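Enquirer: Just dropping this structure here.
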Amino acid sequence: MPDASSVEISVFFSLLDRSRTRSGFDDGSALRHTVERAVHAEEIGLHRFWVAEHHGVPGIASGAPAVLAAAVASRTSRIRVGSGGVMLPNHQPLVVAEQFLMLESLFPGRIDLGVGRSLGFTEPVRAALRSERTDTFEADIAELRSYLDGSGPVTARPAVPSPPVFVLATGAGLEVAARAGLPVVVGGPVLQRDDPLAVYRKHFRPTPSNPEPYVIVSLDVTIAADAADARRLAVPEAWAMARSRREGEFPALERASVIDESQWTPQTRSRIEASLASSILGTAGQVRPRLEEVVERTGANEIMASTSTYDRAELFDADVAFAQLAGVAG
């Protein structure tokens with residue numbers, strides 16, 4: 035296991051698990067693996083554990099984050115559990131409020147509601163979800179919050195204190211979160227800007243529950259005993275991304291040994307290298323300064339790793355090394 039105990043970064047560290055499917059395992063195994071990883075995340079002292087919403091994607095088993103969050107919360111006792119996120123275009127705000135108020139009632143003080151605006155990846159999925167292309171995200175958030183805080187035209191049950199709401203933000207979503215006075219979760223292209231969160235902080239409207247801006251940065255972070263091992267662990271996800279670009283379908287994770295034996299076209303190799311370059315990977319000593327730079331540049335309050343790989347034992351070791359960077363793992 036990588037020894038990262040000598041380095042610490044003073045922000046919260048959390049995990050986003052997308053319930054990645056693995057070659058040789060059925061979809062149900064992916065969900066059980068998510069729950070098992072959450073139990074481990076709590077044991078090593080991580081702050082949050084969030085699950086995802088994707089529909090009709092062969093490589094991701096989680097289409098109902100509220101249900102999976104309930105399973106995770108029932109197997110844990112301290113770690114915060116939430117959604118990264120519920121895609122509001124796919125749901126009625128009242129139903130989302132009822133689901134997460136129920137979770138908050140069953141697991142008080144531990145539930146987070148992360149919401150996003152993405153539609154389904156393909157036209158058949160969007161049709162099946164009855165998704166509308168009209169952008170009502172800001173209005174949907176306002177309606178959702180009215181049900182959560184009891185000020186809406188309908189009283190959502192159970193009537194319990196609202197769990198905190200987070201906005202998965204890119205571009206205009208940052209302004210929506212700022213006007214609503216809500217915390218944001220950012221990643222990907224947003225982080226490539228010189229000052230990605232200036233607009234959010236400038237226009238943030240404080241509320242009693244959120245008196246100051248709060249930023250979670252989501253990244254692919256892979257830590258191993260040496261740089262070569264970290265790269266090997268990151269390749270299955272990069273390979274899946276490259277195949278999705280080529281074949282139009284996001285596949286299950288493959289073993290690194292199987293991928294090594296595959297024929298890589300120059301275009302596939304280029305895409306894999308680009309994916310790896312956008313990740314933070316290496317030994318603890320190599321990863322630490324890169325995370326410190328991200329925290330300094332963004333003013334992040336929290337780092338949320340979206341790490342995935344085929345080998346689950348090595349994934350758990352990488353999670354421990356990640357937690358040790360925050361000084362929370364034994």
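When we follow the working numbering, the leftmost residue of the sequence shown carries the number 35, and every step to the right adds one. All C-beta atoms in this analysis are idealised placements derived from N, C-alpha and C, irrespective of residue type, glycine included. Because the structure is a prediction, the values reported are computed rather than measured.
How many angstroms separate the CA atom of Gly150 from the CA atom of Leu216?
Expert: Distance between the alpha carbons of Gly150 and Leu216: 13 Å.
Enquirer: What do you get for Val292, buried or exposed, if any count of 16 or more other CB atoms within 10 angstroms of its CB means buried?
Expert: Burial call: exposed.
Enquirer: Whole angstroms is fine: what's the gap from Asp228's alpha carbon to Arg191's?
Expert: Going from the Cα of Asp228 to the Cα of Arg191 covers about 44 Å.
Enquirer: Between which two residues does the beta strand (DSSP E) harbouring Glu70 extend?
Expert: Run containing Glu70: none in the beta strand (DSSP E); it sits in the alpha helix (DSSP H), 61-77.
Enquirer: For Gln358, count the other beta carbons within 10 Å of its own beta carbon; 16 or more makes it buried, fewer makes it exposed. Which is it?
Expert: With 16 or more other Cβ atoms within 10 Å, it is buried.
Enquirer: To which residues of the same chain is Arg114 closer than 6 Å at the C-beta, ignoring the five residues directly before and after it?
Expert: So the qualifying residues of the chain are Arg82, Arg144, Asp146.
Enquirer: Leaving out five residues on either side along the sequence, give the residues of the same chain with a beta carbon under 7 Å from the beta carbon of His237.
Expert: Excluding sequence neighbours, His237 sits near Glu209, Ala212, Arg213.
Enquirer: Where does Asp51 sit, in a helix, a strand or coil, going by DSSP?
Expert: In this structure, Asp51 counts as strand in the three-state DSSP scheme.
Enquirer: Considering only DSSP beta bridges, list what Phe46 is partnered with.
Expert: Paired residue(s): Glu336.
Enquirer: Report yes if the CB atom of Leu267 is closer than 8 Å to the CB atom of Thr317, and no otherwise.
Expert: For Leu267 and Thr317, no; Cβs fall outside 8 Å.
Enquirer: If you draw a straight line from the C-alpha of Leu135 to the C-alpha of Arg280, how long is it?
Expert: Roughly 41 Å separates the two Cα atoms.
Enquirer: Tell me the rounded alpha-carbon separation between Val188 and Ala176.
Expert: Their backbone Cα atoms lie some 14 Å apart in a straight line.
Enquirer: Out of Leu315, Leu122, Gly79, state which residue places its alpha-carbon closest to the alpha-carbon of Glu87.
Expert: Out of Leu315, Leu122, Gly79, Leu122 has the C-alpha closest to the C-alpha of Glu87.
Enquirer: May I ask which residues mark the beginning and end of the alpha helix (DSSP H) holding Asp351?
Expert: Counting along the chain, the alpha helix (DSSP H) containing Asp351 begins and ends at 346-359.
Enquirer: May I ask you to report which of helix, strand or coil DSSP gives Arg82?
Expert: Note: Arg82 maps to strand in three-state DSSP.
Enquirer: Please state the DSSP three-state secondary structure of Arg191.
Expert: If DSSP states are grouped into helix, strand and coil, Arg191 belongs with coil.
Enquirer: Count the other CB atoms, across all protein chains shown, that sit within 10 Å of the CB of Arg109; report buried if there are 16 or more and exposed otherwise.
Expert: Arg109 comes out exposed.
Enquirer: Decide if Ala38 is buried, meaning its Cβ has at least 16 other Cβ atoms within 10 Å, or exposed.
Expert: For Ala38, the pLDDT reaches just 43, beneath the cut-off of 50, and the residue's location in the model is therefore unreliable, although a value from the coordinates is still provided. Buried, by the Cβ-count rule.
Enquirer: Between the segment 258-273 and the segment 339-353, are three or more C-beta pairs nearer than 8 Å?
Expert: Yes, the segment 258-273 touches the segment 339-353.
Enquirer: Please report the Cβ distance between Thr204 and Val233, rounded to the nearest whole angstrom; I am assuming they are in contact, meaning their Cβ atoms lie under 8 Å.
Expert: Going by Cβ atoms, the distance from Thr204 to Val233 rounds to 12 Å, so no, they are not a contact pair.
Enquirer: Could you tell me whether the segment 51-58 touches the segment 238-248, where touching means 3 or more Cβ pairs closer than 8 Å?
Expert: They do not touch, by the three-pair rule.
Enquirer: For a test of the three-state rule: what should DSSP assign to Phe200, helix, strand or coil?
Expert: Strand at Phe200.
Enquirer: At the level of alpha carbons, what is the spacing between Gly118 and Gly207?
Expert: Gly118 and Gly207: Cα-Cα distance of roughly 15 Å.
Enquirer: Please look up how many angstroms separate the CB atoms of Leu65 and Ala95, rounded, as I've assumed it's under 8 Å.
Expert: Rounded, the Cβ-Cβ distance is 5 Å, consistent with contact.
Enquirer: If you measure between the beta carbons of Ser252 and Pro198, is that distance less than 8 Å?
Expert: Going by C-beta atoms, Ser252 is not nearer than 8 Å to Pro198.
Enquirer: Tell me, to the nearest whole angstrom, how far the beta carbon of Arg265 is from that of Leu310; I am working on the premise that it is less than 8 Å.
Expert: Confirmed, Cβ separation roughly 6 Å.
Enquirer: Buried or exposed: where does Ala347 fall if 16 or more other Cβ atoms within 10 Å of its Cβ makes it buried?
Expert: So Ala347 ends up on the exposed side.
Enquirer: Expressed to the nearest angstrom, what Euclidean distance is found between the alpha-carbon atoms of Glu70 and Asp61?
Expert: Their Cα atoms are separated by approximately 15 Å.
Enquirer: Could you check where the alpha helix (DSSP H) with Thr302 kicks off and where it finishes?
Expert: That run of the alpha helix (DSSP H) goes 300-311.
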